[in-house]
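Each remark here refers to the structure printed beneath this line.
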Amino acid sequence: MPSFFNNCEDDEDLAVLGLATGQFSNVNKADWVLCNSFYELDKEVADWTMKIWPKFRTIGPNIPSVFLDKRIKDDEDYGAAAFKSEEECMEWLHNKPNGSVVYASFGSLVPLDEEQMREIAYGLRDSNHYFLWVVRTSEEIKLPKDFAKKSEKGLVVTWCSQLKVLAHESVACFVTHCGWNSTLETLSLGVPTIAVPQWSDQITNAKYMVDVWKVGIRVPIDEKKIVKSEALRDCIKEMMECEKGKGMKKNAMEWKSLALKAVSDEGGSSYKNMIEFVNSLFTCSQLEVIT
C-alpha cells in the first residue's frame with residue numbers, strides 16, 4: 001500500500017512498516033496467495049499481482065454468510081470479538097426512520113487524540129442528524145463533558161455489532177477510519193462512506209472509496225492534520241441532504257450486488273477461486289497418500 005510508505009514520520013511508523021513488510025518476507029515460498037477481496041473490486045491489482053504470483057486469488061469478501069449470501073443461517077459473526085457487543089444500539093436504531101442515521105466508528109487499534117475526538121463530537125452533533133458513535137470505554141474521557149448525555153439526536157456506545165448496524169435500514173452512511181475490514185463490510189452491505197483515514201493502508205483505502213469506487217466523501221484536514229468539526233458537519237450534510245449522496249448510495253448498492261455475485265455458487269469469481277484452491281488441496285493429499 002502506498003500510504004504505508006508515504007506516511008512514515010517517526011520511529012513508531014517505521015516499526016509498523018517493518019512489521020507489515022516482514023509479513024511478506026516469505027511470500028515467494030507460498031504455493032498460494034489468497035486475498036480477502038473480490039476480483040470485480042480490484043481487477044487491475046489482481047491481474048498485475050497474478051503476473052508475479054500466478055497462484056494469487058481473490059476469495060472475498062469474507063464476511064459472515066447472514067450478511068451476504070445467506071446460505072448459512074447461523075453464520076452471523078466472525079466467531080471472536082475483542083469487545084462485548086452493545087445491543088442497546090439495535091433497539092435505538094429500530095426506532096429511527098429509514099436512512100436517517102449516521103454511523104461512526106474508527107476501529108479498535110489506534111486511538112484518536114483528545115482534540116480530534118472533540119472535533120468529531122461537535123461535527124456529529126452540529127450535522128443535526130441522528131448519529132450512532134462507537135467510543136471505547138478507555139476513550140470516553142476524551143469526549144466533551146457530558147457529551148453523551150446532552151446529545152439529543154445521538155447515541156454513544158462502547159461497542160456494537162458493526163455488521164448488524166451497517167445492515168440496518170435506518171443507517172444512511174458510515175463515518176469510518178477506512179480500515180480494510182470496515183471497507184469490505186460497508187461495500188458488501190451497500191453503505192456509502194465519509195472517510196476519515198488515519199494511517200497505514202487507510203489513506204489508500206479512502207482514495208479508492210472516493211475516487212475509484214465512488215462511494216465516499218473524504219473529510220479534509222487542517223494544517224495539523226485534524227478533521228475540524230465544520231468539515232465533518234459539511235460532509236455529513238452533503239451525504240445526507242444532497243444529490244451527490246444519492247449517487248453514492250446508488251454506487252454502493254451496485255458494489256453490494258457485485259460482492260454478492262462474487263461469492264455466488266453460480267459462477268462467482270471468488271467462489272470459483274476457492275473451489276480451485278480446495279481442489280488443489282485434495283489433489284496434493286491424494287498424491288501424498290499414493291507416494
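In full-length UniProt numbering, the protein residues as written are 1 to 291.
Heads up, the beta-carbon is just placed ideally off N, CA and C, and yes, glycines get one too.
Put Gly154 into one of helix, strand or coil per three-state DSSP.
In the structure shown, Gly154 sits in a strand (DSSP, three-state: E or B).
Give a yes or no on contact between the stretch 232-244 and the stretch 253-266, applying the rule of three or more CB pairs nearer than 8 Å.
In short, these stretches do not touch, since the Cβ pair count stays below three.
Starting from Val191 and walking both ways along the beta strand (DSSP E), at which residues does that stretch end?
Neither: Val191 is in no beta strand (DSSP E) and is coded neither H nor E.
Assuming contact is defined by CB atoms lying nearer than 9 Å, are Ser170 and Val101 in contact in what I supplied?
The answer is yes: Cβ separation under 9 Å.
Assuming Gly216 is part of the beta strand (DSSP E), what are its boundary residues?
Gly216 -> beta strand (DSSP E) spans 216-218.
Residues bridged to Ser105 by DSSP?
Thr176.
Could you spell out the range, first to last residue, of the beta strand (DSSP E) harbouring Trp133?
Trp133 -> beta strand (DSSP E) spans 130-134.
Name, in chain order, the residues that DSSP records as bridge partners for Cys35.
BP columns for Cys35 point to Thr58.
Which of helix, strand or coil does DSSP assign to Val165?
Helix.
Nearest by alpha-carbon distance to Lys43: which of Ser270, Asn279, Cys284 is it?
Here the closest residue by C-alpha is Ser270.
Would DSSP call Val227 helix, strand or coil?
Residue state, collapsed to three classes: coil.
Among Asn28, Met50, Thr21, Gly60, which one has its Cα closest to the Cα of Ser188?
It is Gly60.
For the alpha helix (DSSP H) holding Ile203, just list the boundary residues, first then last.
Run containing Ile203: 202-207, per the alpha helix (DSSP H) assignment.
Report buried or exposed for Ser25, applying the criterion of at least 16 other Cβ atoms within 10 angstroms of its Cβ.
Classification of Ser25: exposed, given that the 10 Å Cβ count is below 16.
DSSP three-state label for Val171, please.
Three-state result, Val171: strand.
Does the distance from the CB of Ala30 to the CB of Trp53 come in under 9 Å?
Cβ distance < 9 Å, so Ala30 and Trp53 count as in contact.
Is the stretch 214-222 close to the stretch 179-194, with three or more CB pairs under 8 Å?
Output reads yes: the stretch 179-194 touches the stretch 214-222.
Taking DSSP as the reference, what is the three-state secondary structure of Leu112?
Three-state DSSP puts Leu112 in coil, outside helix and strand.
Tell me where the alpha helix (DSSP H) around Ser257 begins and ends.
Where Ser257 is concerned, the enclosing alpha helix (DSSP H) stretches over 243-262.
Using CA coordinates, which residue listed in Asp211, Ser229, Ser105, Lys153 is at the minimum distance from Asn95?
Looking at the Cα atoms, Lys153 is the closest of the given residues.
In the DSSP assignment, find the unbroken alpha helix (DSSP H) run with Ile52 in it and report its ends.
Ile52 -> alpha helix (DSSP H) spans 43-52.
Might you give, ordered along the chain, the residues of its own chain that have their beta carbon closer than 7 Å to the beta carbon of Val289, omitting 5 neighbours on each side?
Because the pLDDT of Val289 is 48, which lies under 50, any placement of that residue in the model is unreliable, and the question is left without a value.
Residues in the same chain with beta-carbon distance under 7 Å from Met274, minus the five sequence neighbours each way, listed in chain order, please.
Ile59, listed in sequence order.
CB-CB under 6 Å to Asp74, same chain, minus the five flanking residues each way: which ones, in chain order?
Correct list: empty, nothing qualifies.
Excluding sequence positions up to five away, which residues of its chain have a Cβ less than 7 Å from the Cβ of Tyr208?
Hits under 7 Å: none found.
I'd like the list of long-range same chain contacts for Gln198, defined as Cβ closer than 7 Å, with 5 residues on each side in sequence excluded.
These residues qualify, in order along the chain: Val110, His177.
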